[in-house]
Amino acid sequence: MKNKGLLLIFTGMIILLYSTVGVTAEQGQLTTVGVGVIYEGQDQFNQKLKTAILEELENVLGANYNFNFQIAEGNNVVQIKQQLKQMSNNQQLDIIITAGVLGSHLALEKNKFNKAVIAPYVLDNRFLKSKFKQQASGIENFNLITVKQFLNRDLAVFKKVTGEKKISFIMEKEHYQLLFKEQPQLAQAILGADNELITIASNDGVADIIDKLKGVEVVYLSPLLKLDDSKLLALKKELLNQEIPVVTTIIDQSKEINNIMAAYSHHEEVKRRARTTAINLEALLLGEKLKEQPIYITKSKGGQKKIVVDLTVAKTLGQLPDWSLLKEVQVINDFRQQGQEISLEQALKLAVTNNLDLKAQQQEQEVAHSKAEQATNKFKPVIDLNTSYSWVRDDIAANSMGQVKEKTWSGELVLTQVLFNERVNAQQDINNNLEQKSKFAVTEQKLNTILETKISYYNSLKVQADLELQQENLSLTKENLELAQTKYQIGAAGPMDTYRWESEVVMNSSAVTQVQQNFKNMKDNLKMLLDLDVEESIKLVDSKVNPVLEEIKNQFQFNTPWDLKQARAKLLKQGLDNSVELLKLDQLLAVKERERKMLKSDYYLPEIGLQAKYKKYFNEQGAGSNYDDSLDEWSVGIIASYPLYQGGNKSEKLKQVNTEIEQLKTKKRATVAKLEKNIKIKVNNVNTQYLKWKNAQQAVSAAVNNLELVRDSYSIGSVSVAHLLDAQRALISAKRKKSVTKYDFLIAVAEAKRALGEY
């Protein structure tokens with residue numbers, strides 16, 4: 135989309151400024167231009183340099199010119215010189231572009247060019263010799279592109295990231311000889327007095343390189359190093375093992391920087407170099423002199439963050455950035471986000487296992503079970519063993535009036551058995567009912583825990599999706615800022631659009647920060663439900679809609695609205711039958727009904743029990759001595775008790791229980807009414823949220839197409855910045871609605887299942 139916008143900008147300018155260029159196009163033909171491109175390797179860095187040139191030529195000039203590319207590879211100085219010589223003698227080529235750093239610097243050494251040459255990747259303006267003019271090359275058929283103090287800027291950034299440590303810049307001897315052989319003082323001037331340059335041979339092994347790096351504090355790996363991937367990876371791993379920070383230069387915002395603590399992204403700079411190449415080539419094709427074209431690219435005023443920091447590597451090295459630096463960098467491999475991955479199913483298992491409220495309810499069930507067992511045990515015999523010893527000394531008896539000497543030791547065994555006791559019978563039934571009620575309470579708490587966990591998980595995913603949208607919105611805004619800057623630079627628009635987009639970047643960045651905090655809060659709430667440490671990092675797994683749809687499509691009938699009423703009636707019956715709220719009330723009613731029966735029986739039923747005793751005297755002397763031959767006593771008796779009068783409490787208690795029964799019946803009717811209403815609402819909401827989700831999916835496609843059209847129109851000046859801003863906001867709004875309705879639908883299903891008594 136971005137490249138297409140740039141194409142439209144420059145195409146529009148070409149048409150406006152050079153109306154005479156369309157002669158061959160009117161005849162149905164495009165001017166053919168032979169372009170030789172020399173790139174310097176198959177590695178990602180050099181491939182990006184080459185691709186940027188090819189893409190910008192096509193984007194800017196492809197509508198009016200047919201390019202006949204001859205692309206050649208040169209891996210070293212000798213090969214690049216050979217390619218330059220061959221292409222200079224190739225009559226089919228009109229221009230040569232050195233799509234690499236070495237080739238661009240080799241071109242600087244030449245004084246005469248028999249063919250147009252553009253060198254877009256001269257590192258730094260301090261490499262230019264006195265023969266070049268200040269703002270142009272001044273050499274016939276030659277144009278170069280560079281920036282001011284390229285390496286100083288990078289080094290300053292890495293100093294900040296690494297805590298002002300000494301940086302050792304690593305480059306190959308061949309590159310050093312090319313860049314600094316004739317002016318060795320330039321290397322120190324560029325690197326600074328507190329940094330150093332270390333050269334390595336292309337055939338050096340990892341051990342050789344490590345040996346040369348003994349004692350270094352920070353290693354700056356040049357992206358021009360001709361090390362194969364395995365050797366480079368081994369080198370970076372060994373440096374990390376030795377706790378030596380590694381920094382480098384990259385072209386894109388790739389997350390694959392592999393064991394490197396920080397990188398400076400030149401993505402935008404490379405694109406601007408390539409774009410300037412295309413514009414200068416266009417000027418040449420339109421008859422202007424190449425030696426008069428600008429050699430400096432325009433300064434970036436925004437765009438993507440250029441510093442990329444691997445937080446996991448930084449943590450390993452003990453060099454985490456501070457708060458101020460974190461705002462300036464793009465963070466990758468954030469260890470704070472690399473915690474335990476928890477899916478919804480895993481979260482539900484954790485919640486059921488760890489939730490403290492559910493644990494407390496399960497413990498309450500255990501207490502109720504214990505009480506029921508105790509009530510049952512009252513029908514079992516009770517056996518008591520008693521023993522007593524009494525001794526009154528002779529001297530005390532002699533000196534005490536009315537007291538005689540005694541020495542008695544006996545043991546007694548007492549058996550008590552309930553034969554009939556309505557209160558004990560009632561208590562057993564009541565405790566059994568209360569145990570059942572506690573089981574239903576556990577089920578209710580489990581259902582509530584599962585629902586609460588699902589809602590918290592889905593809401594967390596909703597905020598996570600919103601965070602991704604805010605970040606996408608910020609990226610779109612930065613792209614539009616660059617588009618506005620390009621229009622301003624080529625004179626297609628004033629600075630007002632740039633200021634507007636810069637303001638949007640600030641506001642969008644603030645929105646991202648706020649949603650990041652909201653996401654953290656939502657995850658913290660989820661961790662509390664799962665009884666996890668709030669400091670523990672977790673990663674959420676997105677929930678898919680289709681499995682849920684397959685599970686419930688027949689149950690809720692959302693694809694057949696004519697059967698919805700019948701389905702609702704069926705679901706209503708299911709929900710009432712499964713309702714733990716009603717089941718709990720039924721158990722409470724059973725308790726009160728049994729209590730009423732017990733109170734009524736108090737008027738006419740006695741309590742009957744059996745008691746048997748056996749007593750043995752082991753020793754007795756003095757008063758109360760049994761002089762019979764047998765020292766044992768035993769007895770068996772039936773005990774009956776009947777409460778004749780309790781001060782009027784019988785009737786009052788019965789009256790109270792009758793009132794409580796009526797109260798529970800009223801409460802049950804009210805609960806049934808509430809449940810019916812809730813079930814209908816939740817079932818209807820499933821259908822409503824499903825339709826909203828389906829509609830939102832269609833809206834996104836329309837919003838994407840609209841943004842593309844408006845952006846194209848904005849690129850050529852047909853619409854204002856307000857129109858593009860509205861289209862961008864409409865797209866983000868449509869995507870947000872799609873994600874919101876998705877999770878609202880999943881929450882609606884979860885709530886409906888809870889209303890129906892399902893897990």
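The number in this note's numbering is simply the position in the sequence shown, starting from 1, with 134 added.
Heads up, the beta-carbon is just placed ideally off N, CA and C, and yes, glycines get one too.
What residue from the options has the CA that sits closest to residue i's CA?
{"i": "N748", "options": "I476, M732, K734, S769", "result": "According to the sequence as given, residue 748 is Tyr; it is not Asn. Per the Cα distances, S769."}
{"i": "A186", "options": "T232, Q225, A197", "result": "T232"}
{"i": "S398", "options": "T382, E189, R406", "result": "A small fix is needed here, since residue 398 is Tyr in this sequence, not Ser. Residue T382 is the option with its Cα nearest to Y398."}
{"i": "E636", "options": "P777, L859, Q570", "result": "L859"}
{"i": "D736", "options": "F554, Q648, A861, A884", "result": "F554"}
{"i": "T521", "options": "P515, A506, S544, Q508", "result": "S544"}
{"i": "D600", "options": "V874, I466, A270, L568", "result": "V874"}
{"i": "K293", "options": "E741, L459, G234, Q598", "result": "L459"}
{"i": "Q497", "options": "A746, S849, F879, Q579", "result": "Q579"}
{"i": "K246", "options": "L568, F574, K425, V725", "result": "K425"}
{"i": "L465", "options": "L355, V447, E479, E402", "result": "Residue identity check: residue 465 is Val in the sequence provided, not Leu. Out of L355, V447, E479, E402, V447 has the C-alpha closest to the C-alpha of V465."}
{"i": "Y199", "options": "M305, L164, L367, F266", "result": "L164"}
{"i": "G326", "options": "Q780, E298, V380, L705", "result": "E298"}
{"i": "Q551", "options": "A774, P254, V516", "result": "V516"}
{"i": "L739", "options": "R728, K718, P777", "result": "P777"}
{"i": "D328", "options": "K449, V350, G743", "result": "V350"}
{"i": "Y848", "options": "K541, N488, T620", "result": "T620"}
{"i": "P681", "options": "V443, F879, K348, Y173", "result": "F879"}
{"i": "L420", "options": "L195, R409, N812", "result": "L195"}
With H, G and I counted as helix, E and B as strand and the rest as coil, what does DSSP make of residue i?
{"i": "L610", "result": "helix"}
{"i": "M395", "result": "coil"}
{"i": "Y877", "result": "helix"}
{"i": "N555", "result": "coil"}
{"i": "I584", "result": "helix"}
{"i": "S153", "result": "Reliability fails at S153, whose pLDDT of 36 lies under 50, so the model's placement of it is uncertain and the value that follows must be treated cautiously. S153 falls in the helix class under three-state DSSP."}
{"i": "Q376", "result": "coil"}
{"i": "K747", "result": "strand"}
{"i": "Q204", "result": "strand"}
{"i": "N209", "result": "coil"}
{"i": "N520", "result": "strand"}
{"i": "F163", "result": "The amino acid at residue 163 is misidentified as Phe; the sequence shows Gln. Note: Q163 maps to coil in three-state DSSP."}
{"i": "I143", "result": "The pLDDT assigned to I143 is 47, lower than 50, so where the model puts this residue is not dependable, and the model offers no usable value."}
{"i": "E540", "result": "strand"}
{"i": "G709", "result": "helix"}
{"i": "I273", "result": "coil"}
{"i": "T158", "result": "Confidence at T158 is low in this model, with a pLDDT of 37, below 50, so its placement is unreliable and no value can be given for it."}
{"i": "D766", "result": "strand"}
{"i": "L183", "result": "helix"}
{"i": "I564", "result": "helix"}
Thinking residue i and residue j are a contact (beta carbons under 8 Å), I'd like their distance in whole angstroms, please.
{"i": "L595", "j": "A481", "result": "About 11 Å; that fails the 8 Å criterion."}
{"i": "N659", "j": "S590", "result": "6 Å"}
{"i": "L285", "j": "L257", "result": "7 Å"}
{"i": "I307", "j": "A335", "result": "Note on identity: in this sequence residue 307 is Lys, with Ile being the wrong assignment. Their Cβ separation, rounded to whole angstroms, is 6 Å, which keeps K307 and A335 in contact under 8 Å."}
{"i": "Y592", "j": "I881", "result": "5 Å"}
Tell me which residue opens and which closes the beta strand (DSSP E) that residue i is part of.
{"i": "V817", "result": "Premise fails: V817 lies in the alpha helix (DSSP H), 783-849, not in any beta strand (DSSP E)."}
{"i": "E685", "result": "No beta strand (DSSP E) holds E685; the alpha helix (DSSP H) holding it covers 680-690."}
{"i": "A327", "result": "Premise fails: A327 is in no beta strand (DSSP E) and is neither H nor E."}
{"i": "E895", "result": "Here the chain comprises residues numbered 135 to 893, so residue 895 is not present and cannot be evaluated."}
{"i": "F276", "result": "276-278"}
{"i": "K493", "result": "Per DSSP, K493 belongs to no beta strand (DSSP E); it is in the alpha helix (DSSP H), 490-511."}
{"i": "V675", "result": "First-last for V675: undefined, no H or E at that position."}
{"i": "L127", "result": "For the chain, the structure presents residues 135 to 893; residue 127 sits outside this window and is missing."}
{"i": "Q427", "result": "No beta strand (DSSP E) contains Q427, which DSSP labels as neither H nor E."}
Would you kindly report the start and end of the unbroken alpha helix (DSSP H) that includes residue i?
{"i": "N652", "result": "630-663"}
{"i": "Y310", "result": "307-314"}
{"i": "S735", "result": "714-735"}
{"i": "I344", "result": "340-346"}
{"i": "I229", "result": "Looking at the DSSP string, I229 is not in any alpha helix (DSSP H); the run it does join, the beta strand (DSSP E), is 229-232."}
{"i": "G237", "result": "235-242"}
For residue i, decide whether its Cβ has a neighbour in chain E, counting only Cβ atoms nearer than 8 Å.
{"i": "K249", "result": "The displayed structure is made up of one protein chain only, and chain E is not part of it."}
With a cut-off of 8 Å, do at least 3 Cβ pairs link the segment 783-796 to the segment 847-861? With the cut-off at 8 Å, the segment 783-796 and the segment 847-861 do not touch.
Would the segment 725-733 count as touching the segment 564-575 if we require 3 or more Cβ pairs under 8 Å? Counting Cβ pairs under 8 Å, three or more are found: they touch.
Are the segment 873-890 and the segment 833-844 touching by the rule of at least three beta carbon pairs closer than 8 Å? Flag = no, the segment 873-890 and the segment 833-844 do not touch.
Quick one: any contact between the segment 664-674 and the segment 608-616, if contact means 3 or more CB pairs under 8 Å? The way I'd put it, the segment 664-674 doesn't touch the segment 608-616; fewer than three beta-carbon pairs between them come closer than 8 Å.
Report yes or no: do three or more beta-carbon pairs, one from the segment 190-209 and one from the segment 162-181, lie closer than 8 Å? Contact holds: three or more Cβ-Cβ distances are below 8 Å.
Specify whether the segment 810-825 and the segment 676-692 touch according to this definition: at least 3 beta carbon pairs, one from each stretch, less than 8 Å apart. Contact between the segment 810-825 and the segment 676-692 is present, because at least three Cβ pairs lie under 8 Å.
Does the segment 211-227 come close enough to the segment 177-193 that 3 or more CB-CB pairs lie under 8 Å? In short, these stretches do not touch, since the Cβ pair count stays below three.
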